[in-house]
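S.K.: Mind having a look at this structure? Questions to follow.
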Amino acid sequence: MRFVILGAGPAGLGAAWALQQSGASWTLLEKNDRPGGLAASFVVDGFTWDIGGHILFSHYPAFDQVLDGVIPRDEWHNHERRAFIRMHDAWIPYPFQYNIRHLPSDEQRQCLEGVSEANSNRRADLPANFEEWIYRSMGKGVSDLFMMPYNRKVWAGPPSEMSAQWVGDRVAVPDLARMMRHLTTSKDDVSWGPNNLFRFPKSGGTGFIWRRVTDALPPERMLFNAPVVTIGADRRAVVTNDGRSFPYDVLISTIPIDQAVGMTGLDRGMRAARGLVRTSTWVVGLGLRGPLPHAAREKCWMYFPESEYPFYRVTVFSHYSPRNAPEGCYSLMAEVAFRPGGCLPGRDALVQACVQGLRRCGLLDEEAEPIHVWTHMAEYGYPVPSLGRDAILDEVLPALEKLGIYSRGRFGAWKYEVGNMDHTFMQGMEIAGRLLTGTAEDTLLRPEWVNRQR
Ligand SMILES: Cc1cc2nc3c(=O)[nH]c(=O)nc-3n(C[C@H](O)[C@H](O)[C@H](O)COP(=O)(O)OP(=O)(O)OC[C@H]3O[C@@H](n4cnc5c(N)ncnc54)[C@H](O)[C@@H]3O)c2cc1C
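Letter 370 of the sequence shown, counting from 1, is numbered 371 in our numbering, and no numbers are missing.
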C-alpha cells in the first residue's frame, strides 16, 4: 500500500513514525517550511516563542519511548506546575476550589455552600450541556466566580452550547472535605491534576521536539513547502499547489477536517463539517529587558477569568527555559480567544490591550517597555466540543474512510479531549497501526479511558 500523509504536526509525524517502523511505503506533504504544526516554535531576535504556552504531558509509554529516543534526558528542563488564577486583584493558586482561602470571606462561604448543595443533589442522569455540568459538579459559588467566566472566555462562547461528554478528568470536581481542610489549615493545595509535573526542551521551544522526531525520519520521504490543494478521491491522488500529483492507496490526513472535505468535494460532508465549531487564538509575545517583576516570579502560567483582561492565559515563557529569552531578558506570552468572524481589535490595538492588562496585574512594571513584540494568529486554535459535534463526526469520518481517507489529529478528528500533543501523535500512530495490523484506535474511540491512563 502507498500511504500519503498530509501535515507534519504531531499527528502526521506519529503516522510517519509508525509506518517507518513497519517498513511501509509513505510520503508526507506539509505546507509549511517546518514540522510541528500548532506545536512549532519560532526564534526571533533571540526570543523563542510557541503558539501559546505548550506543556508536555503524556498518557502513553509508547509516546515517552519515542521522545526519550530522540531527545536525551539532559536536554530537558523538568518543572512543577505553578499555575494561578487572577481574581479580585489577588493570585489564587490553581485549582481554584482548593485555594478559596485567598477570597473574601463571603465568597468563601458561597463556594462552600454551593459545593455542599451540589453534593447533596447528585444525579445519575447526564447533564444536557457543559454549563449544566459546571453547576451540577461545582455548585453555584465556584461556577459563578470562576468556572463560568473562565470557560466563556477560553471558548469564546457560552458553555451552554457545549457538550458535557468531553470533560472526563480534565477539570477538578471539588471535594468538600479537602476544601475545608485547606481553609482551616491556611495551606495552599496545588497538587491536583494530570499535568502538575512537566518537561520542556532546554532550547528551541516545543518545536524542538518535533524537529528531533522529524530528523529521525528519512528526509527523502517528507516534502515541506508543499501545500495540498486538491484531494482527488476518485482517482486516489492528491495535488499540491504547484501541480504535482501524489497517488495513494491510503490517505492519512491531519489537516482540519472541514478543509479536507472541501478539497475532496464531498457534498454532504461539506454541509455537515460547516457545523463544526472552533476558536481562533491570537498569541502575543512580549520580550522585556531587566529583572522579572515580583508578580511573575514563581509562576508558570496564569488564568484570567475577569473581563477587564483581554487574555484568558499568560505564560512566563522564559521560566520554561532561560534560553527562551536572551541573557538579561524575560518573556511573557498572552493568549486571546475569539470565534472566527467575531469582532476583534487589530493587531496593534490588541498588543496595546495586552500590555495594559499585564501592567494592571503587575506582570509588567509601569515603566517597562517591551523591546520585542511577537504575534501569531492561529486560525484554528481550539476545537470546540459543541453539542452537535459528535453527530457531525459520526457522519463525516466514515464518509471519508469509504474513500480511503483517514482524518486524524487536533482538527482532523476535532476532539479537544484528545487534542494535545501526546494524543495527536498517538492518533497518528494508532491509525497507522489499525491499517497495517488491525490494532485498536483507543485515542479516537475511547478518549475517557485514555485520559485515565497515567
Ligand atoms: C494555544 C494552544 C495551546 C496549546 N497548548 C498545548 C499544551 O500545553 N500541551 C499540549 O500537549 N498541546 C497543546 N496544544 C495542542 C497542540 O498544539 C496540538 O496537539 C498539536 O499541534 C496537534 O497536532 P496535529 O498534528 O493534530 O495538528 P497540527 O499541529 O495543526 O498539524 C497539522 C499540519 O498540517 C499542515 N497542513 C494544513 N493544511 C495543509 C495542506 N493543505 N497541505 C499540507 N499540509 C497542511 C499544517 O501546516 C500543520 O503542520 C495547544 C494548541 C494551541 C493552539
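A virtual CB, placed ideally from N, CA and C, is assigned to each residue, including glycine.
1. Determine the closest residue to N130 out of G389, K403 and F201, with distance taken between C-alpha atoms.
2. Evaluate contact between the stretch 85 to 93 and the stretch 65 to 77, counting only Cβ atoms and requiring at least three cross-stretch pairs below 8 Å.
3. Whose C-beta lies closer than 7 Å to the C-beta of N120 among residues of the same chain, with five residues either side of it excluded?
4. Report the partner residues of L289 according to the DSSP bridge assignment.
5. Quick one: what does DSSP say A167 is sitting in, helix, strand or coil?
6. If contact is defined by three or more beta carbon pairs under 8 Å, each pair taking one atom from either stretch, is the stretch 397 to 407 in contact with the stretch 278 to 293?
7. So the candidates are P384, D65, P175 and A433; which of them puts its Cα closest to the Cα of G420?
8. Heavy atom of ligand 2 less than 7 Å from the Cβ of I256, yes or no?
9. Could you give the first and the last residue of the continuous alpha helix (DSSP H) run that contains T444?
10. I need the boundaries of the alpha helix (DSSP H) containing W415, first residue and last residue.
11. Does the contact criterion of 3 or more C-beta pairs under 8 Å hold for the stretch 314 to 327 versus the stretch 101 to 114?
12. Suppose contacts are defined by Cβ-Cβ distances below 8 Å. Is A354 in contact with I52 by that definition?
13. For the alpha helix (DSSP H) containing S121, list its first residue and its last residue.
14. Kindly indicate the opening and closing residues of the alpha helix (DSSP H) around P399.
15. In the structure shown, what three-state DSSP assignment does F131 receive?
16. Is the stretch 259 to 277 touching the stretch 327 to 346, taking contact as three or more C-beta pairs under 8 Å?
17. Out of K416, E449, E418 and R409, state which residue places its alpha-carbon closest to the alpha-carbon of M430.
18. Kindly give me the distance between the Cβ atoms of R269 and A400, rounded to whole angstroms, as I take these residues to be in contact under 8 Å.
19. Could you tell me which of S308, I258, C330 and I256 sits nearest to L289, measuring between CA atoms?
20. Count the other CB atoms within 10 Å of the CB of Q357; is the residue buried (16 or more) or exposed (fewer)?
21. Does the distance from the CB of A19 to the CB of G434 come in under 8 Å?
22. Under 7 Å from any heavy atom of ligand 1, does the C-beta of D423 make it?
23. Just the Cα atoms here: how many angstroms apart are G38 and Q111?
24. Could you say which of S42, K32, R137 and S117 lies nearest to L126 if we only look at CA atoms?
25. By a C-beta neighbour count over all protein chains shown, 10 Å radius and 16 as the cutoff for buried, is L446 buried or exposed?
26. Under three-state DSSP, which class holds F85?
27. In the DSSP assignment, find the beta strand (DSSP E) that holds M148 and state where it starts and stops.
28. Quick check: is any heavy atom of ligand 1 less than 7 Å from the C-beta of L57?
29. Find out if the Cβ-Cβ distance for the pair D250, P294 is shorter than 8 Å.
30. Taking the C-alpha atoms as reference points, what is the distance between E162 and S387?
31. Is the distance from the Cβ of R298 to the Cβ of F305 below 8 Å?
32. Give the range of the beta strand (DSSP E) segment to which G233 is assigned.
33. Given 8 Å as the limit, is there contact between the stretch 200 to 218 and the stretch 151 to 170, that is, 3 or more CB pairs closer than that?
34. Looking at the structure shown, is E1 part of a helix, part of a strand, or coil, going by DSSP?
35. Going by the C-beta, is Q357 closer than 7 Å to any heavy atom of ligand 1?
36. Taking DSSP's pairing of strands, which residues face A238 in a bridge?
M.R.: Checking against the coordinates, here is how it stands:
1. G389
2. Judged by Cβ distances under 8 Å, the stretch 85 to 93 makes no contact with the stretch 65 to 77, as fewer than three pairs qualify.
3. L177
4. Beta-bridge pairing links L289 to Y331.
5. Residue identity check: residue 167 is Trp in the sequence provided, not Ala. In the structure shown, W167 sits in coil (DSSP, three-state: anything other than H, G, I, E or B).
6. Output reads no: the stretch 397 to 407 does not touch the stretch 278 to 293.
7. P384
8. The model on display carries ligand 1 but not ligand 2.
9. Note, T444: alpha helix (DSSP H), D443 to L446.
10. Taken as a continuous stretch (DSSP letters only), W415 belongs to no alpha helix (DSSP H), as it is neither H nor E.
11. no
12. 8 Å or more divides the Cβ of A354 from the Cβ of I52.
13. For S121, the enclosing alpha helix (DSSP H) starts and ends at S106 to S121.
14. R390 to K403
15. Here F131 sits in helix by DSSP.
16. no
17. Looking from the CA of M430, the closest CA among K416, E449, E418 and R409 belongs to R409.
18. 7 Å
19. C330
20. exposed
21. Yes.
22. yes
23. About 43 Å.
24. The amino acid at residue 126 is misidentified as Leu; the sequence shows Asp. Among S42, K32, R137 and S117, the Cα nearest to that of D126 belongs to R137.
25. Exposed, because fewer than 16 other Cβ atoms sit within 10 Å of the Cβ of L446.
26. strand
27. Per DSSP, M148 belongs to no beta strand (DSSP E) and is neither H nor E.
28. yes
29. Not a contact, by the Cβ cut-off of 8 Å.
30. 6 Å
31. In this structure, R298 keeps its C-beta atom at 8 Å or more from the C-beta atom of F305.
32. That run of the beta strand (DSSP E) goes V229 to G233.
33. Contact between the stretch 200 to 218 and the stretch 151 to 170 is absent: fewer than three C-beta pairs spanning the two stretches fall below 8 Å.
34. The chain is shown from 2 up to 455; residue 1 falls before or after that span and cannot be answered.
35. At a threshold of 7 Å, Q357 does not count as near ligand 1, since its beta carbon sits no closer than that to any of the ligand's heavy atoms.
36. G233 and P248
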